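These notes are about the structure you will find just below.
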Amino acid sequence: MGAHAALPALVGEVLGAWSLTPDGSLMTTPSSWVLPVRHEGSPAMLKVARIPDEQAGYRLMTWWEGHGAAKVFASSASALLMERATGASDLAQMAWSGQDDEACRILCDTASTLHALRRRPLPELHPLEIWFQPLFQLAPAHTALAPAADIARQLLAAPNAVVPLHGDLHHENVLDFGDRGWLAIDPHGLLGERTFDYANIFTNPDLSDPSRPLATLPGRLEARLDVVISATGIEPQRLLAWIVAWTGLSAAWFIDDGDDKGAATDFAINAMAQSLLR
Numbered sequence: 374m375g376a377h378a379a380l381p382a383l384v385g386e387v388l389g390a391w392s393l394t395p396d397g398s399l400m401t402t403p404s405s406w407v408l409p410v411r412h413e414g415s416p417a418m419l420k421v422a423r424i425p426d427e428q429a430g431y432r433l434m435t436w437w438e439g440h441g442a443a444k445v446f447a448s449s450a451s452a453l454l455m456e457r458a459t460g461a462s463d464l465a466q467m468a469w470s471g472q473d474d475e476a477c478r479i480l481c482d483t484a485s486t487l488h489a490l491r492r493r494p495l496p497e498l499h500p501l502e503i504w505f506q507p508l509f510q511l512a513p514a515h516t517a518l519a520p521a522a523d524i525a526r527q528l529l530a531a532p533n534a535v536v537p538l539h540g541d542l543h544h545e546n547v548l549d550f551g552d553r554g555w556l557a558i559d560p561h562g563l564l565g566e567r568t569f570d571y572a573n574i575f576t577n578p579d580l581s582d583p584s585r586p587l588a589t590l591p592g593r594l595e596a597r598l599d600v601v602i603s604a605t606g607i608e609p610q611r612l613l614a615w616i617v618a619w620t621g622l623s624a625a626w627f628i629d630d631g632d633d634k635g636a637a638t639d640f641a642i643n644a645m646a647q648s649l650l651r
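Counting from 374, one number per residue, gives the positions in the sequence shown under our numbering.
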């Protein structure tokens, strides 16, 4: 254990149990510890959960078996070992450099692969109705959230095409894996209407870096609508409704965290989507 003394105890335990060698610096997020490692001589990424909510995502990553998502080498209730992205391309940089339509198409293609029917029994996932509870709880005290809450209730009451959902499918969670192509990482592990996964495209990469607005620029929402509708066949008004619902949920999270910038981005896109709803 001495070699891993500087790491959190749980991370050190997993390194020993799975015979892994650290291969970079530890990254700490609110939900996980993330560490580049070597696994049987090859580059891999180790994620160790800091909160119980991560476990559904680990189960879903394993269930996908590397189709549309990074391949999982080992998993447990609290840890996940997966292949490491080594490609040089980046969807956020593509979007910021004038290739936003192409970045959106890649996200749509990834979602389509993840949503494809599989014969295996589903893992235990978070129902989308439960995921939306923060919006429903905050809406009575925040009138700006009320339209999103109303629309979300209607959508959740009569869902179309229920599938396992990534739940956080945006520009920083679909990475370049070189010969393996573009693959998803870090799902929340949800179950609900497939349209929900596409709504996330419309708020990013702005939510990751509000100082470089793109999703909120005039005409960008309409351009993205065209790309997603063309790629998926989803009915435009249905997609807009899910964008309203999603931005309301995301804004509720930011309000709860005291993050005014994130909430402002969500509310701007929420207003644009509402204006296009008939």
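Even for Gly, the Cβ is constructed at its ideal location relative to N, Cα and C.
Every value quoted in this text rests on a predicted model; they were computed, and no experiment measured them.
At a Cβ-Cβ threshold of 8 angstroms, Leu529 and Glu502 count as neighbours.
Three or more Cβ pairs closer than 8 angstroms define a contact, and the region 632-649 falls short of that threshold against the region 540-553.
A residue is called buried when at least 16 other Cβ atoms come within 10 angstroms of its Cβ; His440 does not meet this threshold and is exposed. In the DSSP assignment, Lys634 falls within the alpha helix (DSSP H) that extends over 633-649. Shown here, Arg411 sits in a strand according to DSSP, grouped into three states. When beta bridges are read from the DSSP output, Asp549 appears opposite Trp555. Closest in alpha carbon position to Met467, among Ile607, Ala614, Leu590, Leu548, is Leu548. Glu456 is bridged by DSSP to Ala417. Within the same chain, and ignoring the five residues on either side of Asn577 in sequence, the residues whose Cβ sits closer than 6 angstroms to its Cβ are His543, His544. Under the DSSP definition of a beta bridge, Pro500 partners with Leu564. Between the alpha carbons of Arg611 and Ala572 lies a distance of about 10 angstroms. If you ignore the 5 residues before and after Pro560, its C-beta comes within less than 7 angstroms of the C-beta of Gly430, Leu433, Met434, His539, Gly540, Asp541, all in its own chain and listed in chain order.
Judged by their CB atoms, Pro381 and Asp396 are not nearer to each other than the 8 angstroms cut-off. Contact between the region 386-405 and the region 508-526 is absent: fewer than three C-beta pairs spanning the two stretches fall below 8 angstroms.
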